[in-house]
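Structure first, commentary second.
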Amino acid sequence: GDSVTQTEGLVTLTEGLPVMLNCTYQSTYSPFLFWYVQHLNEAPKLLLKSFTDNKRPEHQGFHATLHKSSSSFHLQKSSAQLSDSALYYCALSRNSNNRIFFGDGTQLVVKP
Amino acid sequence: EAAVTQSPRNKVAVTGGKVTLSCNQTNNHNNMYWYRQDTGHGLRLIHYSYGAGSTEKGDIPDGYKASRPSQENFSLILELATPSQTSVYFCASGEGLGYRSSYEQYFGPGTRLTVL
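Listed in order, the protein sequences are those of chains F and B. Going by my numbering, the first sequence opens with residue 1, and the numbers climb by one from there. Going by my numbering, the second sequence opens with residue 1001, and the numbers climb by one from there.
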């Protein structure tokens, strides 16, 4: 079946340092991959998603590269900001159904 | 901008009581979803719908029913609420299948339910 694994439940780092949140997936098909972000007391919202043409999606300084060989879609940013503190979900969807499968989420805490 | 609203935003219920959570979307999306969010478990799918009149079981449907009376509205019903159903519930809408579909889901603001 389809599943997403986020190995880190909590990532704490200092402002200005690079961010990397891990995401691996399992799917029988070639899925679309997403990153959703949820700030405190807000709803989850889409941060970025994979493209079918292998372009690297970028948004708000974050980017992610889909590596089909390793089934990964890690989220990266070169320099963390305090406002990046949030809960981040990796998710996948395949074009044969209407569902999105979410990972358990990674809480990112950026300290001054 | 996509718009999904939920009511109530906060609810305190008693064990054994009936609870109805409502969701409305103005996106004209075919699909709607109900999730619960608990620390350590992320977003878990309870029920979803492909359109008016349809409901499908998600990953954790036990103890919940769903109703989709129209394109815009999708309700989650707890017939006999239990303390284990204390959680934050999110409704979402999304496009259906299709070449141009973005597969993105748009979430409502959430309902915080406490069952005493």
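Where a beta carbon is used, it is the ideal one built from N, C-alpha and C, also for glycine.
Quiz item: Assuming Leu1078(B) contacts Gly1063(B) under a Cβ cut-off of 8 Å, what Cβ separation, rounded to an integer in Å, is found between them?
Solution: Along the second sequence, one-based indexing puts residue 1078(B) at 78. Along the second sequence, one-based indexing puts residue 1063(B) at 63. Contact flag correct, Cβ pair sits at about 7 Å.
Practice problem: Spatial neighbours of Pro112(F) within its chain, please: CB distance less than 6 Å, with the 5 preceding and 5 following residues excluded, ordered by chain position. | Solution: Residue 112(F) sits at position 112 when you count from the first residue of the first sequence. Contacts found: Glu15.
Quiz prompt | Local Cβ density within 10 Å of Met1032(B), reported as buried at 16 or more and exposed below that | solution = As a position in the second sequence, residue 1032(B) is number 32, starting the count at 1. Met1032(B) should be labelled buried.
Self-check item: Collapsed DSSP secondary structure at Ser1084(B) in the structure displayed
Solution: Here residue 1084(B) corresponds to residue number 84 of the second sequence, with the count starting at 1. Look at Ser1084(B) here: in three-state DSSP terms it is helix.
Quiz item: Is any beta-carbon of chain F found at less than 8 Å from that of Glu1104(B)?
Solution: For the purposes of this step, residue 1104(B) is identified with residue 104 of the second sequence, where counting begins at 1. So, interface residue.
Exercise. Check whether the Cβ of Leu40(F) lies closer than 8 Å to any Cβ atom in chain B.
Key: As a first step, residue 40(F) is located in the first sequence; it is residue number 40 there, counting from the start. No, Leu40(F) lies away from the interface with chain B (no Cβ there is under 8 Å from its Cβ).
Quiz prompt | Tyr89(F) at chain B interface by Cβ criterion, 8 Å | solution = The residue you call residue 89(F) lines up with position 89 of the first sequence. Closer than 8 Å to the CB of Tyr89(F) there is at least one CB belonging to chain B.
Exercise. My understanding is that Pro18(F) touches Lys77(F), with C-beta atoms under 8 Å, so please give their C-beta distance in whole angstroms.
Key: Reading the first sequence from its first residue, position 18 is the one you call residue 18(F). Reading the first sequence from its first residue, position 77 is the one you call residue 77(F). Contact flag correct, Cβ pair sits at about 7 Å.
Quiz item: In three-state DSSP terms, what is Leu13(F)?
Solution: Position 13 of the first sequence, counting from 1, holds the residue named residue 13(F). In the three-state reduction of the DSSP assignment, Leu13(F) falls in the strand class, which pools E and B.
Quiz prompt | Three-state secondary structure assigned by DSSP to Lys1078(B) | solution = As a first step, residue 1078(B) must be located in the second sequence, where it is residue number 78. Looking at the sequence itself, residue 1078(B) is Leu, so the reference to Lys does not match. Secondary structure of Leu1078(B) (DSSP, three-state): strand.
Exercise. Identify the contact partners of Asp2(F) in chain B, using a Cβ-Cβ distance below 9 Å as the criterion.
Key: Here residue 2(F) corresponds to residue number 2 of the first sequence, with the count starting at 1. Correct list: empty, because the minimum Cβ distance to chain B is about 11 Å.
Quiz prompt | Alpha-carbon to alpha-carbon, Gly103(F) and Asn22(F) | solution = Translated into positions along the first sequence, residue 22(F) becomes position 22. Translated into positions along the first sequence, residue 103(F) becomes position 103. C-alpha of Asn22(F) to C-alpha of Gly103(F): approximately 11 Å in a straight line.
Quiz item: So with Cβ pairs under 8 Å, would you call Arg56(F) a contact of chain B?
Solution: Walking along the first sequence from the start, residue 56(F) turns up at place 56. Cβ-Cβ to chain B under 8 Å: no for Arg56(F).
Quiz item: Nearest chain C C-beta to His1029(B) closer than 8 Å, yes or no?
Solution: Looking for chain C here will not work: the only protein chains present are F and B.
Exercise. Look at the Cβ atom of Val4(F), then the Cβ atom of Ala91(F), and state whether they are nearer than 8 Å.
Key: Here residue 4(F) refers to the residue found at position 4 of the first sequence. Here residue 91(F) refers to the residue found at position 91 of the first sequence. Cβ distance < 8 Å, so Val4(F) and Ala91(F) count as in contact.
Self-check item: Rounded separation between Ala1052(B) and Arg1068(B) - CA only
Solution: Here residue 1052(B) refers to the residue found at position 52 of the second sequence. Here residue 1068(B) refers to the residue found at position 68 of the second sequence. Rounded to whole angstroms, Ala1052(B) and Arg1068(B) show a C-alpha spacing of 5 Å.
Quiz item: Nearest to Ser1007(B) by alpha carbon, out of Glu1095(B), Tyr1050(B), Cys1091(B) and Ile1060(B)?
Solution: Counting from 1 along the second sequence, the entry for residue 1007(B) is found at position 7. Of the candidates Glu1095(B), Tyr1050(B), Cys1091(B) and Ile1060(B), the one whose C-alpha sits nearest the C-alpha of Ser1007(B) is Cys1091(B).
Quiz item: Between Ser27(F) and chain B, is there a C-beta pair that is closer than 8 Å?
Solution: The count along the first sequence starts at 1 and reaches residue 27(F) at position 27. Not a single CB atom of chain B sits nearer than 8 Å to the CB of Ser27(F).
Self-check item: Cross-chain neighbours of Leu1080(B) in chain F, by beta carbon under 8 Å
Solution: On the second sequence, position 80 is the one that residue 1080(B) refers to. Listed by position along chain F, the residues whose Cβ is nearer than 8 Å to that of Leu1080(B) form an empty set, because the closest Cβ is around 27 Å away.
Practice problem: Below 8 Å on the Cβ atoms is my guess for Ala80(F) versus Phe1107(B); work out the distance and round it to an integer in Å. | Solution: As a working note, residue 80(F) is residue 80 in the first sequence. As a working note, residue 1107(B) is residue 107 in the second sequence. The pair is not a contact, with the Cβ atoms about 24 Å apart (cut-off 8 Å).
Quiz item: Between Glu1056(B) and Asp2(F), what straight-line distance do the alpha-carbon atoms span, to the nearest angstrom?
Solution: Your numbering for residue 1056(B) matches position 56 in the second sequence. Your numbering for residue 2(F) matches position 2 in the first sequence. Taken atom to atom, the span from the alpha-carbon of Glu1056(B) to that of Asp2(F) is near 17 Å.
Self-check item: Chain-ordered residues of the segment 10-21 of chain F with a beta carbon less than 8 Å from chain B
Solution: Residues: none.
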